[in-house]
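For the sequence shown, full-length UniProt numbering puts the final residue at 349, and the numbers step up evenly by one.
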Amino acid sequence: MSSKKKIGILGASGYTGADAVRLLARHPNAEITALTANTHAGKAMDEVFPHFFMLDLPKLVEWEKVDWSKLDAVFCGLPHGATQEIIAAVLAANPKIKILDMSADFRLRDMNTYAQWYGHEHRAPKLQGEAVYGLTEFYREKIAAARLVACPGCYPTAALLALVPLAKAKLIDVDDIVIDAKSGVTGAGRGLKQNTLFSEAGEGLSPYSVGTHRHSPEIEQEIGVAAGSNVTVNFTPHLIPMSRGELCTSYVKLNGVSPDDLRAALAAAYKDEPFVHVAKKGVMPQTQNVRGSNYVQVGVFADRIKNRAIVISVLDNLVKGSAGQAIQNMNLMFGLPETAGLEQIALFP
């Protein structure tokens, strides 16, 4: 009898769902047994993503037609707002199933904050109370015991891994944080949008959701937890003309310490972490260093402005920023080696 966990993926026709398929297909302890995509129901996966031609995968079906009682875990790659009621239905059909939600629907602990930023009341308030924020490095024990994990967004993952240890150690002024972030176009999803057309996004760089991006309260929530106070950050995202990758440049005010102290604190915080690498002094993090991998690289630099520093973090928005982190969390939930299925080296050039 196979010891592999039977896995389903909701929203397998999106970029995050497809990267979950890519990684889980070679996971030693996982077997993909259900793939859903209501708009592509009835199709083979390689009709939607031709690069899966070599895999023997189940056909895409409507989510209502899956027998959830036969699955051990489900990854949810649906858009925000479409997830809460579906996850509630899946858990009603199989209360023992493990949920790895890659949408934003369960990330914000305060449901009033959720309603403010996402434009509607939370549709599964009873489940929100049990959801664990899935930033693996900070919530490992809670994730291991959870049934529902809300995997962070890609921007928060990059920003929080760079800043939370510094905020927790009170090395920086949490009331003076500026985050300048850039992401590849897959972060906008696979749906047809004018601003992600090649002729619109290529050969240019554009900010979006200036002062209003929905990842802001997620970043503030977690830095606030670390600092023990309410926090507001200045966060501006940009669309950069590449498929995948993300770079966050965070500008911080120092609390009587040096940039070298920040680097030392990050190195101490992550010394035993398999996927977070703190660069040596003078080494510049680049998205090329982590492309296609579950790794994060963080670097610290002195600002030319006195008493300030610049913290740069890079990751692949579809891996550590989404599907890879979800698999890392799944490994914890099933007591598997945390790195299982995730040790790919970055693809370069």
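We treat Cβ as the ideally placed atom computed from N, Cα and C, and that holds for glycine. All of these numbers come straight from a predicted model, not from anything done at the bench.
Residue of the options minimising C-alpha distance to residue i
i: A37; options: Y15, M284, K70; result: Y15
i: W68; options: G8, D105, M45, D101; result: G8
i: L160; options: L135, D175, K280; result: L135
i: P274; options: S313, M333, P337, N255; result: P337
i: P237; options: I179, A302, L57; result: I179
i: E137; options: A131, P152, E130; result: P152
i: L35; options: H51, S3, L71, K4; result: L71
i: A146; options: R291, N329, A44; result: N329
i: N294; options: K281, D272, G321; result: G321
i: Q288; options: Q297, T186, T249; result: Q297
i: F348; options: I99, A150, R244; result: R244
i: L205; options: R263, N195, G282; result: N195
i: A73; options: V149, T232, Y208, R304; result: V149
Under the three-state DSSP convention, the category residue i falls into
i: D180; result: strand
i: Q286; result: coil
i: A145; result: coil
i: I312; result: strand
i: L71; result: coil
i: H277; result: strand
i: Y139; result: helix
i: I240; result: coil
i: T196; result: helix
i: T249; result: strand
i: M1; result: Annotation note: pLDDT 36 at M1 (below 50); position unreliable, no value reported.
i: V225; result: helix
i: Y133; result: strand
i: L171; result: coil
i: K98; result: strand
i: V296; result: strand
i: C76; result: strand
i: A89; result: helix
i: L60; result: strand
i: L254; result: strand
i: A150; result: strand
i: Y114; result: helix
i: L108; result: coil
i: L336; result: coil
i: G17; result: helix
i: residue 358; result: A question about residue 358 goes unanswered here, because the residues of the chain that appear run from 1 up to 349.
Beta-carbon proximity list for residue i, same chain, < 6 Å, skipping 5 on both sides
i: M1; result: For M1, the pLDDT reaches just 36, beneath the cut-off of 50, and the residue's location in the model is therefore unreliable, leaving the point undetermined.
i: K65; result: none
i: A20; result: I9, F75, A323
i: K182; result: H238, I240, L247
i: N307; result: L254
i: M54; result: none
i: A18; result: F49
Cβ neighbours of residue i in the same chain (closer than 8 Å, five flanking residues each side left out)
i: G341; result: L23, L24, R26, H27, P28, N29, A30, I327, N331
i: H40; result: S13, E47, V48, L60
Residue i versus residue j: straight-line alpha-carbon distance, rounded
i: Q279; j: L247; result: Before going further, note that residue 279 is Ala rather than Gln in the sequence given. Their Cα atoms are separated by approximately 14 Å.
i: P241; j: P95; result: 42 Å
i: N234; j: G211; result: 7 Å
i: P58; j: G42; result: 10 Å
i: L318; j: A158; result: 12 Å
i: S229; j: M284; result: 31 Å
i: G224; j: D56; result: 45 Å
i: G256; j: K170; result: 10 Å
i: V276; j: M45; result: 32 Å
i: G335; j: I143; result: 11 Å
i: A93; j: Y139; result: 27 Å
i: V290; j: L315; result: 6 Å
i: G299; j: I312; result: 5 Å
Residue(s) in a DSSP beta bridge with residue i
i: A34; result: G8
i: P207; result: H238
i: F301; result: I310
7 Å CB neighbourhood of residue i in its chain, flanking five on each side removed
i: residue 350; result: Since the first residue shown for the chain is 1 and the last is 349, residue 350 is missing from the structure and cannot be characterised.
i: I172; result: L166, V252, K253, L254, N255
i: K4; result: N29, A30, E31
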